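Numbering (the working numbering), first residue to last: 4 to 329.
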Ligand code: NAD
Ligand code: UDP
């Protein structure tokens, strides 16, 4: 059980999801240490949080041997969110991605085990690969190409899950595995190459929205606040998981591009670009487990989530006049 004011170490806390996790934990009265190498995150994501005396940012690469780690205090819980997460990022950083999934996860598990802390792993729907089962339940083993262009990410996460399960079995580590599905919202990097930042920045600048391949591939996107609520519900529970955390509203990529066009009121057209190799053709979580065991389900609809995200991008990447249009 989580205790009030507990010290939580958030590895990868200066990234998109991690910064929102840190923020929510701080608001709940926890003491938060964010450990991040800033390889894909930024200090700017947590700059406001640094005003709190209960928050600390430690810039450090968690793949370094544990004996070289700085003193980050005794954790009650460890969230391991560190990993490049967008295809563009993990494909330009393949070895770093495998290393943080392997060595980084082992170090984080050791830290949690030594202090009898609860350990939460940010795994991913990518463990299901290009799924043959639809929607995806936690019992599905997946369909992953071990040497394909996404393998550095998919296999790192599959290994990380296996390692967490092994620590739980052999060392009694208190683990929780979250399989997070596509999440979007404020603080995504405009240049991370993912569909939502691309479509929004394209729509706001009047450039054509780049739909890859046929555009009939599907994704189920979850607003960041809902994802964070799901992660915290899992953390507070005694489940080991894996548990799917995602929004089951499934749309084609083309439909998502049209939604962004409609909300922004842009004059941008839609253009077709080459599809990515091994791009999963469909993705939708079955969240029965989270609903029944955690009492969690997403609350923020697509339109509301896109409105908030577009407004944030307009304010932070393109000027107030674009925000006014959203
Ligand atoms: P992100 O790139 O914004 O955040 C990852 C953070 O980890 C960054 O701040 C980065 O600097 C840090 N990091 C990476 N390697 C590190 C290392 N060796 N040492 C210390 N810090 C390191 O990505 P995100 O979208 O916020 O994703 C966070 C986590 O959630 C990742 O583990 C990702 O795999 C998982 N996830 C994300 C999504 C999504 O839709 N965003 C979906 C499924 C799973
Ligand atoms: N995609 C797209 N246009 C873009 C970027 C991505 O059509 O500018 C597609 C991509 O090919 C995939 C889907 O959108 O089918 C989601 O891609 P993203 O990189 O956001 O995340 P993924 O779920 O693939 O990790």
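C-beta: ideal position from N, C-alpha, C; glycine also.
Note that the structure is a prediction, hence the values are computed from the model and not measured.
**Prompt:** Does the distance from the CB of residue 179 to the CB of residue 242 come in under 8 Å?
**Reply:** What you label residue 179 is simply residue 176 of the chain shown in a count that begins at 1. What you label residue 242 is simply residue 239 of the chain shown in a count that begins at 1. Yes.
**Request:** Run through the stretch 294-319 for me and flag every whole alpha helix (DSSP H) of 4 or more residues, listed as ranges in chain order.
**Result:** Entirely contained in the stretch 294-319, the alpha helix (DSSP H) runs reaching 4 residues are, in chain order, 305-316.
**Item:** C-beta atoms of residue 104 and residue 10 nearer than 8 Å
**Value:** What you label residue 104 is simply residue 101 of the chain shown in a count that begins at 1. What you label residue 10 is simply residue 7 of the chain shown in a count that begins at 1. For the 8 Å CB-CB criterion, residue 104 and residue 10 do not form a contact.
**Three-state secondary structure (DSSP) of residue 288** = Position 285 of the chain shown, counted from the start, is the residue given in the question as residue 288. Residue state, collapsed to three classes: strand.
**Asked** Between the C-alpha atoms of residue 158 and residue 100, what's the straight-line distance to the nearest angstrom?
**Response** For the purposes of this step, residue 158 is taken as residue 155 along the chain shown, with counting starting at 1. For the purposes of this step, residue 100 is taken as residue 97 along the chain shown, with counting starting at 1. The alpha-carbon atoms of residue 158 and residue 100 are separated by roughly 10 Å.
**Request:** Look at the alpha carbon of residue 20 and the alpha carbon of residue 231, and state the distance between them as a whole number of angstroms.
**Result:** Taking the chain shown and counting its residues from 1, the one referred to as residue 20 is at position 17. Taking the chain shown and counting its residues from 1, the one referred to as residue 231 is at position 228. Their backbone Cα atoms lie some 8 Å apart in a straight line.
**Message:** Let me make sure I understand the geometry here. Which of 113, 46, 205 and 287 has the alpha-carbon closest to that of residue 141?
**Reply:** As a working note, residue 141 is residue 138 in the chain shown. Closest by alpha carbon: 287.
**Item:** Whole-angstrom distance between residue 248 and residue 202, CA atom to CA atom
**Value:** As a working mapping, residue 202 is identified with position 199 in the chain shown. As a working mapping, residue 248 is identified with position 245 in the chain shown. Residue 202 and residue 248: Cα-Cα distance of roughly 23 Å.
**Prompt:** So the alpha helix (DSSP H) residue 55 belongs to, where does it begin and stop?
**Reply:** On the chain shown, residue 55 is found 52 positions in, with the first residue counted as 1. Unbroken run through residue 55: none, as it is neither H nor E.
**Message:** Can you list, in chain order, the residues of its chain with a C-beta nearer than 7 Å to that of residue 329? Leave out the 5 residues immediately preceding and following it.
**Reply:** Residue 329 sits at position 326 when you count from the first residue of the chain shown. For residue 329, the predicted structure reports a pLDDT of 37, less than 50, and the residue's modelled location is therefore unreliable. The matter cannot be settled from this model.
**Asked** Should residue 154 be counted as a contact of the ligand NAD given a C-beta to heavy atom distance under 7 Å?
**Response** The residue labelled residue 154 in the question sits at position 151 within the chain shown. With a cutoff of 7 Å, residue 154 does not count as near the ligand NAD, since its C-beta is closer than that to no heavy atom of the ligand.
**Request:** Could you pull out every unbroken beta strand (DSSP E) segment of at least 3 residues lying fully inside the stretch 38-115, listed in chain order?
**Result:** Segments of the beta strand (DSSP E) lying fully in the stretch 38-115: 58-62 and 80-83.
**Request:** Thinking residue 252 and residue 223 are a contact (beta carbons under 8 Å), I'd like their distance in whole angstroms, please.
**Result:** Here residue 252 refers to the residue found at position 249 when the chain shown is read from its first residue. Here residue 223 refers to the residue found at position 220 when the chain shown is read from its first residue. The Cβ separation is near 6 Å, so the contact holds.
**residue 170 to residue 69 span [Cα, whole Å]** = Counting from 1 along the chain shown, the entry for residue 170 is found at position 167. Counting from 1 along the chain shown, the entry for residue 69 is found at position 66. Distance from the CA atom of residue 170 to the CA atom of residue 69, rounded to whole angstroms, is 16 Å.
**Asked** What residues are listed by DSSP as bridge partners for residue 121?
**Response** As a first step, residue 121 must be located in the chain shown, where it is residue number 118. The partner list for residue 121 (beta bridge, DSSP) reads 80 and 177.
**Request:** Run the proximity test for residue 40: is its beta-carbon closer than 7 Å to any non-hydrogen atom belonging to the ligand NAD?
**Result:** Position 37 of the chain shown holds residue 40. Residue 40 has its Cβ nearer than 7 Å to a heavy atom of the ligand NAD.
**Prompt:** Quick one: what's got a C-beta closer than 8 Å to residue 2's C-beta in the same chain, skipping five residues either side?
**Reply:** The first residue shown for the chain is 4 and the last is 329, placing residue 2 beyond what the model contains.
**8 Å contact criterion, which residue 60 and residue 54 should meet: CB distance rounded** = Taking the chain shown and counting its residues from 1, the one referred to as residue 60 is at position 57. Taking the chain shown and counting its residues from 1, the one referred to as residue 54 is at position 51. The beta-carbon separation of residue 60 and residue 54, rounded to 12 Å, does not stay under the 8 Å limit for a contact.
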